[in-house]
């Protein structure tokens, strides 16, 4: 009798657990509102950005500006999301912040990489870009490539933490001891001016932006810089807005509007406002094209 009672209690417990599981599935399995639906209903969204001109930055009066920001704002407005609030975040903390739901998307001109694509979802690219370096006036160490830094073990290079240039440098054989990490590009420039590093690297438009802003007569861009080659391929990177995994409806709607802007020439107009040229357009490249390159 005792065994029978225990068996009946066991069956009831299983039924209870199954019932709870179904209740949970029904309450969350009709999934509620998506990030996109919530943003449309509220008419506003929160975006993460890093202080990196010309991609995304805050002006002195607190306005959110930049190439990536303006592209995103234009698209979001057409999707019914008129208000965009920015959360300033160190570049290396943007993806963790998005995953932790500190904001709903990233508008920082972030490069598309396979490693990042494992953690987040990228939109299709809205620009393509090459790398650049700056040195002390006169280029005293005659640095014209990442390979030159590798050869000169006494040379040090400054780069923004979390930026793709870190990967390019190490893949080019530059020792980690030679690489100095900074919170943002203006800090790297300051280190170059003060002699704490011998060279700094970032994308071409970023370097132009920080040099234009500083008006420094102590440093110069290396005009004949040789683009790094990794695994036999010349480096050319593509940047895009970033979404959380699972926000497929948001990403797809965003991509449709981005394609319209690219085809109409509106995307190029925005790029030109921030120092880009027609050469920096993404062309017909999609996310899949970039990841499979």
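In mature numbering (1 follows the signal peptide of the UniProt record, and there is no 0), the protein residues as written are -23 to -1, 1 to 270.
Where is the CB? At the ideal position from N, CA and C, for every residue including glycine.
Pull up the distance between the alpha-carbon of residue 100 and that of residue 231, whole angstroms please. Rounded to whole angstroms, the separation of the alpha carbons of residue 231 and residue 100 is 7 Å.
Tell me which residues share the same chain as residue 205 and place their Cβ nearer than 6 Å to its Cβ, disregarding the 5 neighbours each side in the sequence. Here residue 205 has 123, 145, 149, 212 as same chain residues with Cβ atoms under 6 Å from its own Cβ, once five neighbours each way along the sequence are excluded.
In this structure, does DSSP put residue 173 in helix, strand or coil? Residue 173 falls in the coil class under three-state DSSP.
Tell me the DSSP secondary structure of residue 21 in three-state form. Under the three-state reduction of DSSP, residue 21 is assigned to strand.
Cβ shell of residue 228 (< 7 Å), same chain only, five flanking positions each side left out: Same-chain partners within the cutoff: 98, 100, 220.
Going by the CB atoms, is the gap between residue 89 and residue 248 shorter than 8 Å? Going by C-beta atoms, residue 248 is not nearer than 8 Å to residue 89.
Among all the DSSP beta bridges, which residues are the ones paired with residue 206? The partner list for residue 206 (beta bridge, DSSP) reads 211.
Counting only the same chain and skipping the five closest in sequence on each side, list residues whose C-beta sits under 7 Å from that of residue 251. In the same chain as residue 251, and ignoring 5 residues on each side of it, the C-beta atoms closer than 7 Å to its own belong to 31, 43, 44, 182, in chain order.
The stretch 66 to 82 / the stretch 111 to 118 touching (three or more Cβ pairs under 8 Å): In short, these stretches do not touch, since the Cβ pair count stays below three.
Do residue 226 and residue 80 have their CB atoms nearer than 8 Å? No. Outside cutoff.
So, under 8 Å CB-CB, residue 21 and residue 47 are touching, yes? Tell me the CB distance rounded to an integer number of Å. The pair is not a contact, with the Cβ atoms about 17 Å apart (cut-off 8 Å).
Check for me: the beta strand (DSSP E) holding residue 108 runs from which residue to which? For residue 108, the enclosing beta strand (DSSP E) covers residues 108 to 113.
Based on the DSSP secondary-structure assignment, which residues constitute the bridge partners of residue 217? In DSSP, residue 217 forms a bridge with 87.
What do you get for residue 224, buried or exposed, if any count of 16 or more other CB atoms within 10 angstroms of its CB means buried? With 16 or more other Cβ atoms within 10 Å, it is buried.
Roughly how many angstroms separate the alpha carbons of residue 274 and residue 114, rounded to a whole number? Because the chain is modelled from -23 through 270, residue 274 falls outside the range shown and cannot be assessed.
Which residue from 140, 112, 199 puts its Cα closest to that of residue 173? Minimum Cα distance to residue 173 is reached at 112.
Which value, in whole angstroms, describes the spacing of the CA atoms of residue 56 and residue 50? CA-CA distance, residue 56 to residue 50, rounds to 10 Å.
How far does the alpha helix (DSSP H) with residue 246 in it extend, from its first residue to its last? From DSSP, the alpha helix (DSSP H) with residue 246 extends over 243 to 250.
Using CA atoms only, rank isn't needed, just tell me which of 125, 167, 129 is closest to residue 136. Out of 125, 167, 129, 167 has the C-alpha closest to the C-alpha of residue 136.
Rounded to whole angstroms, what's the CA-CA distance from residue 214 to residue 92? Just pull it up for me. Taking the straight line from one Cα to the other gives about 14 Å.
Can you check whether the CB of residue 151 is closer than 8 Å to the CB of residue 127? A contact, by the Cβ cut-off of 8 Å.
Less than 8 Å between the beta carbons of residue 201 and residue 132, yes or no? No. Outside cutoff.
So, residue 161 versus residue 27, is the Cβ gap smaller than 8 Å? Pairing residue 161 with residue 27 gives a Cβ-Cβ distance under 8 Å.
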